[in-house]
Amino acid sequence: MTADNQAAIEVHGLFKRFVEVQAVSGVDFDVRKGELFGFLGPNGAGKTTTINMLTGLVRPDTGTIRIGGIDCSHNPKAAQRLMGIVPDDSNLYPELTGFENLCFCGALYGLRKAVRQARARELLDTFSLVEAAGRKFGGYSKGMKRKLTIAAALIHDPEILFLDEPTTGIDVAAARQIRQLLAGLRGAGTTIFLTTHYIEEAERLCNRIAFIVSGRIVRTDPVTDLLRQTSGLHVMQITVSSRAPALCQALAGAFPRLKCAAVSDVQIRVEAAEPVRVGELVHFLEERGAEVTEARKIQPSLEEVFVRITGIEAAAMKREKEKAGGGS
Ligand SMILES: Nc1ncnc2c1ncn2[C@@H]1O[C@H](COP(=O)(O)OP(=O)(O)OP(=O)(O)O)[C@@H](O)[C@H]1O
Ligand SMILES: [Mg+2]
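Each residue of the sequence shown is one higher than the one before, starting from 18 at the first, in this note's numbering.
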C-alpha cells in the first residue's frame, strides 16, 4: 500500500509461467513519473511477457501492478486509459489507411471526431508520414509501420508510454527518428517504459536500466552510475587462431592481476583495473605457440558493464536477435 504519488509504475512479485516455461520469476521495480526506464535483456529473457503483463495483455500468475497509482487487477480499464502501448508486432489494421488507423484508435479512446482528426494529422506530420497518410497500412514498410504504431499509441496523449523493442528490425533513419521522438516525449514529461536488446540505445535514452536475464532482474541502476563503473576499467580483446581457453588459462596464471576469459575458441577478453601492456601479453601468447591475429583495446562502455553483470556477450545477443528475424 505504498501511496508514493511520484511512482508511475509499481511492480511487485510478478511471476508468469507458460506451460513449460517460467517466463518471469519474481520481478520487482518502480518507475518514477517522467522517467525513461529501460528493460534490457537477451532473447527469451521475459521482456515481452513483462510488458504484456503491465499493459494488461497477459495476466500474471501472482504479483501486483499499479499504474499511475491504480491497481491494474482491480481497475484495468482506468489504468489502460493512462497508457499508450506499442507492441513488438503492430496491432493496426492492414486494410485501413494510416489516417484511418489513427482516427480509429482515437475513437477507441473517446476522442471527438474533430479532435482525433486534428491529432492524427499532427502525428502523421511528426512522424514524416503525411505522404503515406492515404495509403493502406498493409502496404507500409517495416519502419513506416513501426512509426504509425507509435503514433497510434500517442493519439490520446498518454501519461505513460510502453514500447516493446521500438527500433528492432527497422532502418537507421527510422530508428533515429524514433529515438529522437522518445527523447522529446521524455523532455515533455511522459513516463516511458521500453524494452530493448540494444545496449547503446538504452545507454543513450534511458534514465535507468533494469537488466533482465531468465525472467529475473539481475540489476537496476541509473545509467550515470553504470557508466561511472566503466571509468578506470581497461578492457582488451585478443584474437588467436585457436586454443583460446587454454591460452586464457595460461595468461590468468602468469598475470594474476588481470581478469581473463575465453569468449570463444579464438577470442580472449582481458580486463584490468590498470592500463594493460598489449605487447607483453602478445609476446607471452606467442611464446606459447599462439598465433595472435588481433589485439585491441576496447573503449569501456555500458556494454562492458552489461557483460560483467550478466555474463552475456552483448554482440552475441544482438546477432542472435537479428538471426531471429529482426533484420531490416
Ligand atoms: N505465449 C507463450 N506460450 C509459451 N511460452 C511463451 C509464451 N510467451 C513467451 N513464452 C516463453 O517465455 C519466455 C520469455 O519470453 P519473452 O517473449 O517474454 O522474452 P523476450 O525477452 O521478450 O525475448 P525476445 O528478445 O526474443 O523478444 C521464453 O522462453 C518464451 O519462449
Ligand atoms: Mg520480446
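Where is the CB? At the ideal position from N, CA and C, for every residue including glycine.
One alpha carbon belongs to A170, the other to I177, and they sit about 10 Å apart. For the pair of segments examined, the stretch 64-82 was found not to touch the stretch 250-266: the number of CB pairs separated by less than 8 Å stays below three. As summarised for the stretch 248-312, the continuous alpha helix (DSSP H) elements at least 4 residues long and confined to that stretch are 261-271, 295-304, given in chain order. Relative to the non-hydrogen atoms of ligand 1, the Cβ of F35 comes within a distance shorter than 6 Å of at least one. A straight-line Cα-Cα distance of about 13 Å links D78 and V38.
When the beta-carbon positions are compared, A25 and V48 come within less than 7 Å of each other. Rounded to whole angstroms, the separation of the alpha carbons of A135 and L128 is 11 Å. Note on the stretch 129-177: whole alpha helix (DSSP H) runs with a minimum of 4 residues are 130-143, 159-170, in chain order. With a 10 Å radius around the Cβ and a threshold of 16 neighbouring Cβ atoms, K162 comes out buried.
Straight across, the Cα-Cα distance linking L109 with R34 is about 28 Å. In this structure, the beta-carbon distance from F54 to F210 falls below 7 Å. With respect to the C-alpha of Q246, the residue from R286, P273, S259, A290 having the closest C-alpha is A290. In the displayed model, G55 falls within a strand according to three-state DSSP. Not one heavy atom of ligand 1 is found less than 6 Å from the C-beta of K276.
At a threshold of 6 Å, N60 counts as near ligand 1, since its beta carbon sits closer than that to one of the ligand's heavy atoms.
R225 has its alpha-carbon roughly 15 Å from the corresponding atom of K64. In this structure, the C-beta of T65 approaches ligand 2 to less than 6 Å from one of its heavy atoms. Here the C-alpha atom of T237 lies approximately 21 Å from the C-alpha atom of L199.
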